[in-house]
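Peer 1: Note that the sequence shown covers residues 1204 to 1705 in this note's numbering.
In this text, a Cβ means the ideal position worked out from N, Cα and C, and glycines have one as well.
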Amino acid sequence: ADSVPQETSDALSTLGASSIIFVNINGVSSASVSGATEYTTMQDVVNAIKSDPHSENYITITSLATGEGYFAPAAMMAAYHGSPVLNIGEAQTGYEALDRIATWEEYSGDYYHGSLSLGHMPKMSEPFDLMGAIKDFIQDQSLPGPGFDLDKRWYTEAHNSIYNNITAKYGLDLDGKEVYLFVSPRDTDIRDPVCRAMTGNLSYAGQIPLETAALSSDLICRDILYPAIIYANPGRDVTTTQLMNFPDGRAWTMNNGQSAPAYSSRAMKESFSSHGRFYEGHVIFENWLERMNEGVSINYYSGHGTGGSGVSFQYRNVAEEFPYVELTHEKLKDFTWWDAWRGYMYDDKQTKSPRWGGFTWYNAKEPNLYDIVHFKWLDQLLENLHSEWDMFMSCTTAAHLGPIIYLEHGTAFYYGNAGTGLSPQEDLLDDQWMHDMLVNGMSAGEAFSNYVWLHQRDYTTGDPTAMYGGSSLQVTNQQLMFGDPTMTCYSPEWTEPTPITP
């Protein structure tokens, strides 16, 4: 525009605005705004924002590719944290690398033929040197491993492109870990492996993955207002779990060479009971559903991902719910099973009870067949989830429709795995970081990022211990966080805010 529209001038005059900022990047407008501070470069904008003492070490990134206005909800979160809003288009190679990662995983998992499972990129157990590989081929015709460590190359490319072309370019690498929030549809624009690429010892990331600007605004408003609106949740002092599969007592060796046992059911019960929380676990669907609709502050699922299509539960009565099941003990077919705080091997050679403990595992086929509830039914039966948190330890669930359904029903924060889980590794990881989150009061992103290097590759540092450690080479996890990763989970010890009287 060559001039300020009269309507704008009239509005500024009516409001009595005296401190006006005119963002005119690259001088796209020749208009002259009287008395305004004019910024003509993005660096000017960033410098002005970061000069405010309340500005946080937070980087908000969106995409202009869709043309559907995701800048607006991104700006809300950016304003809350004192962050600039930056364009992923400045990190073109990183954007393309994320798309390659997602496409590889979908095709190699046979996604396009109806399977919801995702594939995994190849890894190598030592650094790959291209010139050395060429020399080896010339001398003795030996070839490197397949893929030339595609996992490391593409994830590192995604991280480095975003870091170099946005974070470092604008001087946003400050003391401590950077926090990234990506606001754009995950399936059609900024692909969700970005959370994995940007989370480690140097930074952590979340995403607003929803498919419209309006839905994105809903989630961002919930997250900004969470410390207040959680008090509208009638069950906020209650926590719940669906502990179906857990490897109690089995150990895992982390990248630092230390082994630790995973006592997941008791560890989760302890964390979910901390600070005055009332823990009420369930494994029967109807009881869990009632609890969810009454309200909880946080829900955790540990079980099979059921191909990304739903959630598993303990049958209430096999004869009534799925009479085709062939039980180990047919006399127990018409038996009303117990709801409990954790699952149990109801169809084992020796029938177990919830008190049994130890390794517990439901299966996709007999014995110990689980009851599956498809997400389409959850979408119909779940009501207002009142800004609760939903956490999933299951294969591929986070890659598909599950998290979107929970978020659309009012969840404030979602955590889950878009890759393949590995037991007891992922159980131990969740035990560790959720203890820090719920017991020690750390934010979700900070708590989780502290443990990444011990279990899997850290693309933020490229540290060889994490890149080639024994745990990393076995793990195909791809944990995602949907929502603001700086959030801390509600505790009954919080003080309810007092409304401001106008």
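Check each candidate in Y1358, R1558, F1340 and name the one with the smallest Cα separation from D1302.
Peer 2: Locating residue 1302 in the sequence shown gives position 99, where the first residue counts as 1. Selected option, being the one with the closest Cα: Y1358.
Peer 1: Using CA coordinates, which residue listed in D1666, S1646, P1702, Q1628 is at the minimum distance from Q1681?
Peer 2: Stepping through the sequence shown from its first residue, residue 1681 is reached at position 478. Ranking the options by Cα distance to Q1681, first place goes to Q1628.
Peer 1: At what residues does the beta strand (DSSP E) containing A1454 begin and finish?
Peer 2: The residue given as residue 1454 occupies position 251 in the sequence shown. That run of the beta strand (DSSP E) goes 1453 to 1456.
Peer 1: Tell me the DSSP secondary structure of H1589 in three-state form.
Peer 2: Stepping through the sequence shown from its first residue, residue 1589 is reached at position 386. Coil at H1589, not helix or strand.
Peer 1: Measure the alpha-carbon distance for D1537 versus S1387 and round it to whole angstroms.
Peer 2: Within the sequence shown, the letter at position 334 stands for residue 1537. Within the sequence shown, the letter at position 184 stands for residue 1387. Using only the alpha carbons, I get a separation of about 49 Å.
Peer 1: On a CA-only basis, which of A1294, Y1549, I1501 is nearest S1694? Give me that one, please.
Peer 2: For the purposes of this step, residue 1694 is taken as residue 491 along the sequence shown, with counting starting at 1. Nearest of A1294, Y1549, I1501 to S1694, Cα basis: I1501.
Peer 1: Quick check: what's the CA-CA separation for S1420 versus I1607?
Peer 2: For the purposes of this step, residue 1420 is identified with residue 217 of the sequence shown, where counting begins at 1. For the purposes of this step, residue 1607 is identified with residue 404 of the sequence shown, where counting begins at 1. About 14 Å.
Peer 1: Is H1284 helix, strand or coil when you go by DSSP?
Peer 2: Taking the sequence shown and counting its residues from 1, the one referred to as residue 1284 is at position 81. Looking at H1284 - three-state DSSP - the assignment turns out to be helix.
Peer 1: Just tell me which of W1540, E1473, Y1366, A1294 has its CA closest to the CA of Y1261.
Peer 2: In the sequence shown, the residue the question calls residue 1261 occupies position 58. Minimum Cα distance to Y1261 is reached at Y1366.
Peer 1: Three-state secondary structure (DSSP) at H1532?
Peer 2: Here residue 1532 is taken as the residue at index 329 of the sequence shown, counted from 1. Correct three-state label for H1532: coil.
Peer 1: Scan the stretch 1333 to 1392 and note each continuous beta strand (DSSP E) run of 3 residues or more that stays entirely inside, going in chain order.
Peer 2: Here the runs fully enclosed are 1381 to 1386.
Peer 1: Quick check on DSSP: helix, strand or coil for Q1517?
Peer 2: Within the sequence shown, residue 1517 is the residue found at index 314, counting from 1. Strand at Q1517.
Peer 1: With respect to the alpha helix (DSSP H) encompassing A1463, which residues constitute its N-terminal and C-terminal limits?
Peer 2: Here residue 1463 refers to the residue found at position 260 of the sequence shown. Per DSSP, A1463 belongs to no alpha helix (DSSP H); it is in the beta strand (DSSP E), 1462 to 1465.
Peer 1: Would you kindly work out how many angstroms separate the C-alpha atoms of N1459 and V1655, rounded to a whole number?
Peer 2: Position 256 of the sequence shown, counting from 1, holds the residue named residue 1459. Position 452 of the sequence shown, counting from 1, holds the residue named residue 1655. Whole-angstrom Cα-Cα distance: 12 Å.
Peer 1: Rounded to whole angstroms, what is the Cα-Cα separation between Y1609 and L1267?
Peer 2: Your numbering for residue 1609 matches position 406 in the sequence shown. Your numbering for residue 1267 matches position 64 in the sequence shown. For Y1609 and L1267, the distance between alpha carbons rounds to 26 Å.
Peer 1: Rounded to the nearest angstrom, how far is the Cβ of F1449 from that of D1630, given a contact under 8 Å?
Peer 2: As a working note, residue 1449 is residue 246 in the sequence shown. As a working note, residue 1630 is residue 427 in the sequence shown. Yes, F1449 and D1630 are in contact; Cβ-Cβ is about 6 Å, under 8 Å.
Peer 1: Please report how far the alpha carbon of P1570 lies from the alpha carbon of V1528, in whole angstroms.
Peer 2: As a first step, residue 1570 is located in the sequence shown; it is residue number 367 there, counting from the start. As a first step, residue 1528 is located in the sequence shown; it is residue number 325 there, counting from the start. Going from the Cα of P1570 to the Cα of V1528 covers about 9 Å.
Peer 1: Please report the Cβ distance between G1546 and M1447, rounded to the nearest whole angstrom; I am assuming they are in contact, meaning their Cβ atoms lie under 8 Å.
Peer 2: Walking along the sequence shown from the start, residue 1546 turns up at place 343. Walking along the sequence shown from the start, residue 1447 turns up at place 244. Contact flag correct, Cβ pair sits at about 4 Å.
Peer 1: Just to confirm, are A1647 and P1688 a CB contact at a threshold of 8 Å?
Peer 2: Residue 1647 sits at position 444 when you count from the first residue of the sequence shown. Residue 1688 sits at position 485 when you count from the first residue of the sequence shown. Yes, they are a contact pair.
Peer 1: From this set, L1625, Y1466, L1585, G1438, which residue's C-alpha is nearest N1562's C-alpha?
Peer 2: On the sequence shown, position 359 is the one that residue 1562 refers to. The residue asked about is misnamed: residue 1562 is Phe in this sequence, not Asn. The option with the nearest alpha carbon to F1562 is Y1466.
Peer 1: Suppose the cutoff is 8 Å on Cβ atoms and the five residues either side in sequence are ignored; what does the same chain contact list for L1215 look like?
Peer 2: Looking up residue 1215 in the sequence shown gives position 12. Only I1223 meet the Cβ criterion.
Peer 1: Return the CA-CA distance between F1225 and A1234, expressed in angstroms with no decimal places.
Peer 2: The sequence position of residue 1225 within the sequence shown is 22, counting from 1. The sequence position of residue 1234 within the sequence shown is 31, counting from 1. Cα to Cα, the separation comes out at about 10 Å.
Peer 1: Identify whether L1289 lies in helix, strand or coil by the three-state DSSP scheme.
Peer 2: Working through the sequence shown from its first residue, we reach residue 1289 at position 86. L1289: strand per DSSP, three-state reduction.
Peer 1: So, helix, strand or coil for H1658, using DSSP?
Peer 2: Residue mapping note: residue 1658 aligns to position 455 of the sequence shown, counting from 1. The answer is helix: DSSP assigns H1658 an H, G or I state.
Peer 1: Given a cut-off of 8 Å, decide if I1264 and Y1383 are closer than it, judged by their beta-carbon atoms.
Peer 2: Taking the first residue of the sequence shown as position 1, residue 1383 is located at position 180. Taking the first residue of the sequence shown as position 1, residue 1264 is located at position 61. For Y1383 and I1264, yes; Cβs fall inside 8 Å.
Peer 1: State the Cα-Cα distance for the pair N1227 and T1664, rounded to the nearest angstrom.
Peer 2: Your numbering for residue 1227 matches position 24 in the sequence shown. Your numbering for residue 1664 matches position 461 in the sequence shown. Their backbone Cα atoms lie some 36 Å apart in a straight line.
Peer 1: Please classify M1327: does DSSP put it in a helix, a strand, or coil?
Peer 2: For the purposes of this step, residue 1327 is identified with residue 124 of the sequence shown, where counting begins at 1. Coil at M1327, not helix or strand.
Peer 1: What does the alpha-carbon distance come out to for the pair P1330 and A1361?
Peer 2: Translated into positions along the sequence shown, residue 1330 becomes position 127. Translated into positions along the sequence shown, residue 1361 becomes position 158. Distance between the alpha carbons of P1330 and A1361 is about 18 Å.
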